[in-house]
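For reference, the structure is listed below as structure tokens.
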Amino acid sequence: MPQLNFQPDDVSVEAQAGESLLQAAVRAGIPHSQVCGGYGRCSTCRVLVQSGLEHCSPAEEAERAIAARLQFAPEIRLACLTRIGGPATVRRLVIDEEDRAITSLIGRESTMGAAGLHREVAILFADIRGFTAFSEQHSPYDVIHVLNRYFHMVNPIVEAHGGAINNYMGDGFMALFGLKDPRDLALRAVRAGWEVLEAARRHHVYVRNLYNSGFRIGVGVHVGTVVVGAVGAKSNQRLTAIGDAVNFAARIEAENKPAGTEFLVSQACYERVKDAVTPGKTVQVAIRGKTGLHPLYEVKGLVG
Ligand code: FES
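For the sequence shown, the numbering used here assigns the number 1 to the initial residue and increments by one for each residue that follows.
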């Protein structure tokens, strides 16, 4: 019978014919999470298969549905629906009551919830120039109204290009492209960025007429691999991205100010979109933690 090792308990057990990983764990006295009782509904029995994935039974329909909903990587399996035919080592991913509260699908209404995976995305940052000064000179109502009107214009643009705004940071936002559809993610992000810039120019006319103030933004786009997952408490979870690529995208956006530009993209992005944009100047920047200078490319318009 194949040996099954459970981590972090470091308990080994001989798997019996036809039993699931969960049944083997329970038989070995391991306190394995199983909120739904092993019926493939809660996802709390999830394990990371560290070795022996090839010995695991193929995912059944119920497991495939949960894996798709939570965007599980292939090596994350539901212990209650997985059987093994050879040696394997698995790590329990739901350890205590707090883990169960975060992960259980029972009673959860949200359909969002990537468990965490590496994904190549295009990251768009946009920030309003000098909005702190505007907020100090105008009433709180006007400040929020001007912001909301701008975001109201921007959100449909991002969504029309298959992106999603994942984070609002004061007067700025971050949008990700490629979470659902990886095709042309850089181009879609750049097109959205350009349309956001055009929307901000229209908004500028409104703000100038009503408040005698300007409204300018800077946009930065980078393409890179990030960790994507749902974070936050259950009631306000949101999908977000973590990684160097995110920090770099924010840095690119910030570089617009010293460069005197409105829209800059990284080389990784530019390589993919250069036939579709009108380029402007090239800016060389130093990046913390990396040697040498790195080029950023100004986008002056879209071709066609
Ligand atoms: S125990 Fe609930 S899904 Fe496996």
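Backbone N, C-alpha and C define an ideal beta-carbon position, used for all residues, glycine too.
Rounded C-alpha distance that separates residue i from residue j
i	j	result
residue 143	residue 53	54 angstroms
residue 219	residue 134	19 angstroms
residue 42	residue 63	10 angstroms
residue 2	residue 16	8 angstroms
residue 283	residue 249	15 angstroms
residue 285	residue 271	17 angstroms
residue 159	residue 178	12 angstroms
residue 81	residue 155	40 angstroms
residue 202	residue 300	17 angstroms
residue 254	residue 124	12 angstroms
residue 97	residue 139	46 angstroms
residue 184	residue 267	16 angstroms
residue 224	residue 243	9 angstroms
residue 278	residue 298	9 angstroms
residue 99	residue 40	17 angstroms
residue 60	residue 67	10 angstroms
residue 46	residue 12	18 angstroms
residue 171	residue 251	16 angstroms
residue 186	residue 296	15 angstroms
residue 153	residue 161	14 angstroms
residue 151	residue 116	28 angstroms
residue 247	residue 258	18 angstroms
residue 261	residue 102	43 angstroms
residue 169	residue 241	14 angstroms
residue 293	residue 44	46 angstroms
residue 127	residue 256	10 angstroms
residue 10	residue 27	15 angstroms
residue 93	residue 120	24 angstroms
residue 209	residue 146	12 angstroms
residue 38	residue 239	28 angstroms
residue 18	residue 164	43 angstroms
residue 291	residue 265	19 angstroms
Top-ranked residue by Cα proximity to residue i, from the options
i	options	result
residue 51	159, 89, 28 and 26	89
residue 166	159, 158, 175 and 160	175
residue 14	245, 72, 86 and 141	86
residue 29	237, 39, 73 and 5	5
residue 215	204, 93, 292 and 276	204
residue 302	11, 197 and 217	197
residue 237	244, 243 and 229	229
residue 65	9, 119 and 78	78
residue 58	83, 120 and 40	83
residue 287	245, 269, 275 and 273	245
residue 181	7, 269, 122 and 275	122
residue 131	188, 192, 217 and 74	217
residue 315	199, 291 and 118	The shown model of the chain, from 1 to 304, leaves out residue 315, and the question about it has no answer.
residue 72	118, 25 and 38	118
residue 136	93, 20 and 213	213
residue 313	291, 275, 280 and 9	As displayed, the chain neither begins before 1 nor continues past 304, which places residue 313 out of reach and without an answer.
residue 70	231, 264 and 190	231
residue 189	31, 18, 263 and 74	263
Residue i Cβ short of 7 angstroms to the ligand FES heavy atom set
i	result
residue 41	yes
residue 35	yes
residue 25	no
residue 56	no
residue 45	yes
residue 79	yes
residue 70	no
residue 22	yes
residue 116	no
residue 38	yes
Chain C within 8 angstroms of residue i, Cβ atoms only
i	result
residue 287	Of the chains in the structure shown, none is chain C; there is only one protein chain.
Identified DSSP bridge partners for residue i
i	result
residue 56	84
residue 296	266 and 283
residue 124	175 and 221
residue 118	227
residue 77	47
residue 165	175
residue 89	5 and 51
residue 278	301
residue 241	228
residue 143	According to DSSP, residue 143 bridges with nothing at all.
residue 12	5
Any non-hydrogen atom of the ligand HEM closer than 7 angstroms to residue i Cβ
i	result
residue 304	This structure lacks the ligand HEM; its bound ligands are the ligand FES.
Cβ separation of residue i and residue j, assumed to be a contact under 8 angstroms, to the nearest whole Å
i	j	result
residue 76	residue 48	6 angstroms
residue 22	residue 7	About 15 angstroms; that fails the 8 angstroms criterion.
residue 193	residue 221	5 angstroms
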